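Right, one structure below, let's go through it.
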Amino acid sequence: MTGFIIRRTLSMLVTFIVVSIVIFLMMHSIPGGPFDGNEMPLPDNIRDRLMAQLGLDQPLYVQYLRYMWGALHFDFGVPYQSPGETVMGLVAHAWVPSLVLGGSGIIIGAPIGILLGMAAALNRNSWIDYVASALATLGLTIPVFVTSTLLILVFAVWLHWLPASGWGEPKRWILPILAYAAVPLATYARYARSAMLDTLNKPFVTVLRAKGLSERRIIFQHVLRNSAIPMVTVFLPMFVGIATGSIFVEAMFRVPGLGAYFVSSIEKRDYPLEMALMLLISMLFCISYLLSDILYALLNPRIRVDGSRR
1 MTGFIIRRTL
11 SMLVTFIVVS
21 IVIFLMMHSI
31 PGGPFDGNEM
41 PLPDNIRDRL
51 MAQLGLDQPL
61 YVQYLRYMWG
71 ALHFDFGVPY
81 QSPGETVMGL
91 VAHAWVPSLV
101 LGGSGIIIGA
111 PIGILLGMAA
121 ALNRNSWIDY
131 VASALATLGL
141 TIPVFVTSTL
151 LILVFAVWLH
161 WLPASGWGEP
171 KRWILPILAY
181 AAVPLATYAR
191 YARSAMLDTL
201 NKPFVTVLRA
211 KGLSERRIIF
221 QHVLRNSAIP
231 MVTVFLPMFV
241 GIATGSIFVE
251 AMFRVPGLGA
261 YFVSSIEKRD
271 YPLEMALMLL
281 ISMLFCISYL
291 LSDILYALLN
301 PRIRVDGSRR
């Protein structure tokens with residue numbers, strides 16, 4: 001198991017370094033800079049002096065190494081557009097709405113999706129299966145901005161039950177949470193149905209039935225436990241993806257979260273903030289996949305055996 005963890009950790013570190021280089025090069029390949037696009041362009045001498053102060057006149061590899069050295073110490077610099085604050089301060093402030101709304105969405109959506117998937121698998125080819133599968137397909141195929149628009153149209157415009165946007169009062173959180181919940185609900189419904197059907201068709205289930213065990217005992221003591229592996233391991237990456245903010249959801253509901261700051265950093269060419277957001281999100285995804293691999297290996301010992309043989 002130790003060798004498995006070491007290999008996965010090294011693979012994660014290599015992936016993160018490659019991703020950070022790609023992000024850095026892509027970011028600097030975008031035309032324009034932090035001092036372009038102003039109504040009154042800066043004189044060349046002032047612009048050059050500011051570029052030198054920020055280190056933007058140095059070669060790209062020097063800028064990258066300096067930035068990554070600071071990132072190792074969680075020092076992502078100062079945002080160009082808000083020199084009185086730190087990048088980490090802005091990120092920490094913006095993460096609260098994204099974490100609250102995204103975390104609530106997955107906590108609500110995942111259990112409902114699992115129940116739908118279980119009901120569909122246990123009633124295969126019935127109307128329950130067709131309805132649950134249709135809902136899951138709709139949740140995965142309809143873009144989140146369409147879901148957000150429909151929620152606003154129905155509950156805010158037509159029924160006047162809830163406010164359409166904003167952040168502050170808990171009732172303003174309901175619509176974005178529902179928009180966030182659609183993806184984990186649909187995803188877990190598909191995963192649960194597929195995993196349950198796969199487990200129900202395994203030979204050991206036939207043996208248990210032949211031994212006279214009740215269907216309830218077979219389902220809750222054996223089938224669910226074996227079906228849980230893919231559903232458990234997909235949780236961490238999905239949670240990171242949702243809890244780090246959705247550009248579309250936060251734009252539609254005017255939530256001051258990570259997605260909104262990410263769009264703002266791109267528009268203003270705010271390299272420190274832009275780089276910090278992308279690096280932190282990439283790092284969280286890498287860690288979540290590493291933990292998912294370890295969790296999967298703990299739940300399924302065959303993975304460890306196969307990995308040690310290779």
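Residue numbers 1 to 310, in full-length UniProt numbering, belong to the letters of the sequence shown in order.
All residues carry an ideal CB built from backbone N, CA and C; glycine is no exception.
Bear in mind that the values here come from a model prediction, so they are computed numbers and not experimental data.
- Query: Mind checking I114: buried by the 16 CB within 10 Å criterion, or exposed?
  - Reply: Numbered from 1 along the sequence shown, position 114 holds the residue referred to as residue 114. With 16 or more other Cβ atoms within 10 Å, it is buried.
- Task: Using only alpha-carbon positions, find the residue among Y296, I112, A243 and V249 that is nearest to A132.
- Result: The residue you call residue 132 lines up with position 132 of the sequence shown. Of the listed residues, the one whose Cα sits closest to A132 is I112.
- Task: Tell whether a beta-carbon distance below 8 angstroms holds between Y271 and M27.
- Result: As a first step, residue 271 is located in the sequence shown; it is residue number 271 there, counting from the start. As a first step, residue 27 is located in the sequence shown; it is residue number 27 there, counting from the start. Yes.
- Using three-state DSSP, classify residue 312 as helix, strand or coil. Past the edges of the chain, shown from 1 to 310, lies residue 312, and the structure says nothing about it.
- Message: Please report the straight-line C-alpha distance between L50 and S265, rounded to a whole angstrom.
- Response: The residue given as residue 50 occupies position 50 in the sequence shown. The residue given as residue 265 occupies position 265 in the sequence shown. For L50 and S265, the distance between alpha carbons rounds to 18 angstroms.
- Per-residue burial, R66 [other beta carbons within 10 Å of its own, 16 or more giving buried]: For the purposes of this step, residue 66 is identified with residue 66 of the sequence shown, where counting begins at 1. Exposed, since its Cβ has fewer than 16 Cβ neighbours within 10 Å.
- Taking C-beta to C-beta, are I152 and L175 nearer than 8 angstroms? On the sequence shown, residue 152 is found 152 positions in, with the first residue counted as 1. On the sequence shown, residue 175 is found 175 positions in, with the first residue counted as 1. Taking 8 angstroms as the cut-off, the Cβ atoms of I152 and L175 count as close.
- Query: Ends of the alpha helix (DSSP H) at H93?
  - Reply: The count along the sequence shown starts at 1 and reaches residue 93 at position 93. Per DSSP, H93 belongs to the alpha helix (DSSP H) from V87 to L122.
- Message: What does the Cβ neighbour count give for T206, buried or exposed, with the cut at 16 atoms within 10 Å?
- Response: To locate residue 206, count along the sequence shown from 1; it is residue 206. Counting other Cβ atoms within 10 Å of its Cβ, T206 stays below 16 and is therefore classed as exposed.
- Query: Nearest to T86 by alpha carbon, out of L54, V78 and A297?
  - Reply: For the purposes of this step, residue 86 is taken as residue 86 along the sequence shown, with counting starting at 1. Among L54, V78 and A297, the Cα nearest to that of T86 belongs to V78.
- Using 10 angstroms around the beta-carbon of V96, count the other beta-carbons present and answer buried if the total reaches 16, otherwise exposed. Mapped onto the sequence shown, residue 96 falls at position 96. Under this definition V96 is an exposed residue.
- Query: Alpha carbon to alpha carbon, what distance is there between L284 and A243?
  - Reply: Taking the first residue of the sequence shown as 1, we reach residue 243 at position 243. Taking the first residue of the sequence shown as 1, we reach residue 284 at position 284. A243 and L284: Cα-Cα distance of roughly 10 angstroms.
- Query: Given that a residue counts as buried once 16 or more other Cβ atoms are within 10 Å of its Cβ, and exposed if not, what is G55?
  - Reply: Within the sequence shown, numbered from 1, the residue matching residue 55 stands at position 55. In the assembly as shown, G55 is an exposed residue. Its beta-carbon has fewer than 16 other beta-carbons within 10 Å.
- Message: Along the chain, where does the alpha helix (DSSP H) containing R225 start, and where does it finish?
- Response: The count along the sequence shown starts at 1 and reaches residue 225 at position 225. Element bounds for R225: L224 to T233.
- Query: Going by the CB atoms, is the gap between M231 and A182 shorter than 8 angstroms?
  - Reply: Position 182 of the sequence shown, counted from the first residue, corresponds to residue 182. Position 231 of the sequence shown, counted from the first residue, corresponds to residue 231. The answer is no: Cβ separation not under 8 angstroms.
- Task: Under 7 angstroms Cβ to Cβ from C286, same chain only, skipping five residues before and after it: list those, please.
- Result: In the sequence shown, counting from the first residue as 1, residue 286 sits at position 286. The residues are M12, T15 and F16.
- Please state whether DSSP places R254 in a helix, a strand or coil. By 1-based counting over the sequence shown, the position of residue 254 is 254. For R254, the secondary structure class from DSSP, reduced to helix, strand or coil, is coil.
- Message: For W69, report the span of its alpha helix (DSSP H) as first-last.
- Response: As a working note, residue 69 is residue 69 in the sequence shown. Per DSSP, the continuous alpha helix (DSSP H) segment holding W69 begins and ends at L60 to L72.
- Message: My assumption, with CB atoms under 8 angstroms, is that R124 sits in contact with L185. Please give the rounded CB distance.
- Response: For the purposes of this step, residue 124 is taken as the residue at position 124 of the sequence shown. For the purposes of this step, residue 185 is taken as the residue at position 185 of the sequence shown. Contact between R124 and L185 fails: their C-beta atoms lie close to 20 angstroms from each other, not under 8 angstroms.
- Query: If you draw a straight line from the alpha carbon of V263 to that of L213, how long is it in whole angstroms?
  - Reply: Your numbering for residue 263 matches position 263 in the sequence shown. Your numbering for residue 213 matches position 213 in the sequence shown. Cα atoms of V263 and L213: separation of roughly 57 angstroms, rounded to the nearest angstrom.
- For A92, count neighbouring Cβ atoms within 10 angstroms of its own Cβ and tell me buried if that reaches 16, exposed if not. Stepping through the sequence shown from its first residue, residue 92 is reached at position 92. Exposed.
- Between S165 and V255, what straight-line distance do the alpha-carbon atoms span, to the nearest angstrom? As a working note, residue 165 is residue 165 in the sequence shown. As a working note, residue 255 is residue 255 in the sequence shown. Using only the alpha carbons, I get a separation of about 7 angstroms.
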